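Residue numbers (the working numbering), protein chains in the order written: chain A, 5 to 286; chain B, 5 to 286.
Structure, as C-alpha cells:
So this is what it looks like as C-alpha cells:
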C-alpha cells in the first residue's frame, strides 16, 4: 500500500472531529479500531486529543489523562471540551466523550484532563539517561501474519490489528504460541498499516496499542484500562517507533502498564502509565 | 513528641475540609506545608483527596491526577467537586481548588480527575515483581538536622521539613553538601514528624514530599510540577515508608519524576509519575 501522509491516513479519518459549536464536537467511533469487542483505549485517547488540540490555544498534548468510565461502542459520539486555563506557554482543558442509548439519553464513556503546549517551542537539550529497548531488528520480528504457528487465537474482533504494523519482539510473543514467558513485558516495533508517519496524536494511540502484558503473565480474560496518563515529550521523527511496556506491580486485582515510545532517532518521545483491572468485581 | 493517631495529626488538621453545600468545601492552605515559597504539591493533592473521599461514594483514592495551574498561597480556598460516575466498585470525580484575589475574583489553582474504590475490598494476591529500594537502615540515614555539614542551604521557607520525618539515603544527599551525584535519583525514609501512621491520603503527600531529583542532577532554580498522577494500590501498614524517586528523561525543559512508596511490610503501596518544568518559558 502506498504510504499516506499525515492527515490523509485512516488514522486521521477515524480520529476526525467536527466542531458544531464552541467546545462541542461530533465524532464517530470506528469499528476498525476494536480488539476483543472493545474500542481500543489509545484510539479513544487520540480522538480526544484531536478535539482538545482544536479547543485549546496550544497545539500539542504534553500530559493527557483519561479515565475510562463505560465501554465505548462503534458509532456516533459527542465530545465536549472545557478550557480550564489558557496560559502563555501551556494551557489545560477537559474533555468528555458521550454516546447515546436507544432512548436518546447520554452515557459518558471517557473523561480526560490534559495540558497542552507547543513541542516545537521546546529547547532541544537532551539529558535522557533512559536507553532504547533492546528489540531485535525490525526484519526479524514477526508480524501478525508471520507469528510462529500462524495468527494467534483471539476471540472476537481483531480489527485494530489490520490498522497497525506491529512487529512483536519474539521474547514477548510466547503467549501467541501458548508459551507465555511469565514476565510482565511486551515490546514491539509500531507503525500504522497505511504507512503514515507518527505524530504527537498517533503517539497517544501507540501507548495503548500493543497486546497486554497480561498475556505474557498467563492471565486470561479482559484487562480493561481504568485510567491512562501519557506524556508526549518530543515530536517523533518519521519511521517506525519502538514501544516497550513493563508491568511490575500486579496485585490486588490491578496492574500497571508502563509504556515507553522511542522514535527512529532514539529519542524517548512518549511515556505513559495505565492502571488496569485484572479481576472484575461484582 | 507523642505519636498521634490517624485523624488527630497536624496532617489531618491541615488537610481538613468543611462541606458547606453539596460538592462545595471550604479549606485553608496551611503555611506549614510550604517549601521555597511554594505550597507543597503533595499536600495539595492530599487535601483534594480528602474532599473527593467525602464527595464520592467510595472511600479510597485509586488513581488521582492533578494539574497544577497557578501557584497556591497559604490562606483560604474553596474546593468544588463533581461526581462523574458512581459505579458499583469504583467511582470517578473531579475537583477544582480556587483561591481569591483581593478584588474577590477567583483564580483556579489545581484541577483534579480521580477514580476511587475501596482498598479493603481488594483481593489480597500479590505478584509484584518490583523490589523495595536499597535504602540503608533508618538509623544510618541522616535526618535534616544531622546531614553532614548541617542543614542544607535552601532559600525561602522550609516549613514542610518540620512536618516530616525524612531521612535521606546518603547516596542521594550529595546535593546537601554541594556534591550532587549527577544521577536522577532521590530516596528517603518518610514519616510524619508527629508520628502519625500512613494511610491512603498521606500517601498522596508522600509521593511529592522529597527533595527534587533535580538537586542531584545539578539543576538550580524552581522545578514546578505541571501534572502528577498517583496510584494508591494498598492500605499502608503502620511504620515508616520508603520512597524512591527516579528521573530518566530530562529533556526539552521538562523532566519526569517516578516515585515508588513501599511500606514496612515491603508492599509497593503507591506509585506516581509527575511531569515538571525545568526551564520556565516566557
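Yeah, the Cβ is synthetic: ideal placement off N, Cα and C, and Gly gets one too.
Since this is a predicted model, take the numbers as computed values, not measurements.
- One alpha carbon belongs to residue 134 of chain A, the other to residue 187 of chain B, and they sit about 12 Å apart.
- DSSP places residue 79 of chain A in no alpha helix (DSSP H) but in the uninterrupted beta strand (DSSP E) bounded by 79 to 90.
- Put simply, the backbone Cα of residue 113 of chain B is about 10 Å away from that of residue 104 of chain B.
- Within chain A, the C-beta atoms nearer than 8 Å to that of residue 230 of chain B come from 66, 67, 94 and 119, in chain order.
- Cβ-Cβ distances below 8 Å link residue 132 of chain B to 271 and 272 in the same chain, with the five nearest sequence neighbours on each side left out; the list follows chain order.
- Here residue 46 of chain A is not near residue 167 of chain A, since their CB atoms are 7 Å or more apart.
- Contact annotation, residue 259 of chain A with residue 251 of chain A: C-beta distance approximately 5 Å; criterion of less than 8 Å satisfied.
- Annotation for residue 190 of chain A: the continuous beta strand (DSSP E) segment containing it runs 189 to 196.
- For residue 216 of chain B, no CB of chain A lies under 7 Å from its own CB, so it is not counted at the interface with that chain.
- Within the model, the alpha-carbon separation for residue 89 of chain B versus residue 224 of chain B is close to 42 Å.
- About 10 Å separates the beta carbons of residue 170 of chain B and residue 210 of chain B, which is beyond the 8 Å limit, so they are not a contact pair.
- Non-local beta-carbon contacts of residue 62 of chain B in its own chain, meaning distances under 6 Å to residues more than five positions away in sequence, involve 95, 120, 121 and 122 in chain order.
- According to the DSSP assignment, residue 14 of chain B belongs to no beta strand (DSSP E) but to the alpha helix (DSSP H) extending over 14 to 18.
- Residue 200 of chain A and residue 13 of chain A have their C-alpha atoms some 6 Å from each other.
- DSSP places residue 147 of chain A in no beta strand (DSSP E); its state is neither H nor E.
- Inclusion of residue 278 of chain B and residue 261 of chain B in the CB contact set at 7 Å is warranted, their separation being smaller than that value.
- For the region 42 to 61 of chain A, the beta-carbon criterion of a distance under 9 Å to any beta-carbon of chain B is satisfied by none of its residues.
- Contact between residue 64 of chain B and residue 204 of chain B holds, since their C-beta atoms are separated by about 5 Å, short of 8 Å.
- Not flagged as an interface residue toward chain A: residue 186 of chain B, since no C-beta distance is shorter than 7 Å.
- A straight-line Cα-Cα distance of about 14 Å links residue 136 of chain A and residue 190 of chain A.
- Boundaries of the alpha helix (DSSP H) harbouring residue 217 of chain A: 217 to 220, taken from the DSSP string.
- Per the C-alpha coordinates, the member of A:82, A:139, A:74 and A:75 positioned closest to residue 56 of chain A is A:82.
- Counting along the chain, residue 67 of chain A sits inside no alpha helix (DSSP H); it lies in the beta strand (DSSP E) bounded by residues 64 to 72.
- For residue 258 of chain B, the residues of chain A that pass the 7 Å Cβ criterion are 237, in the order they occur in the chain.
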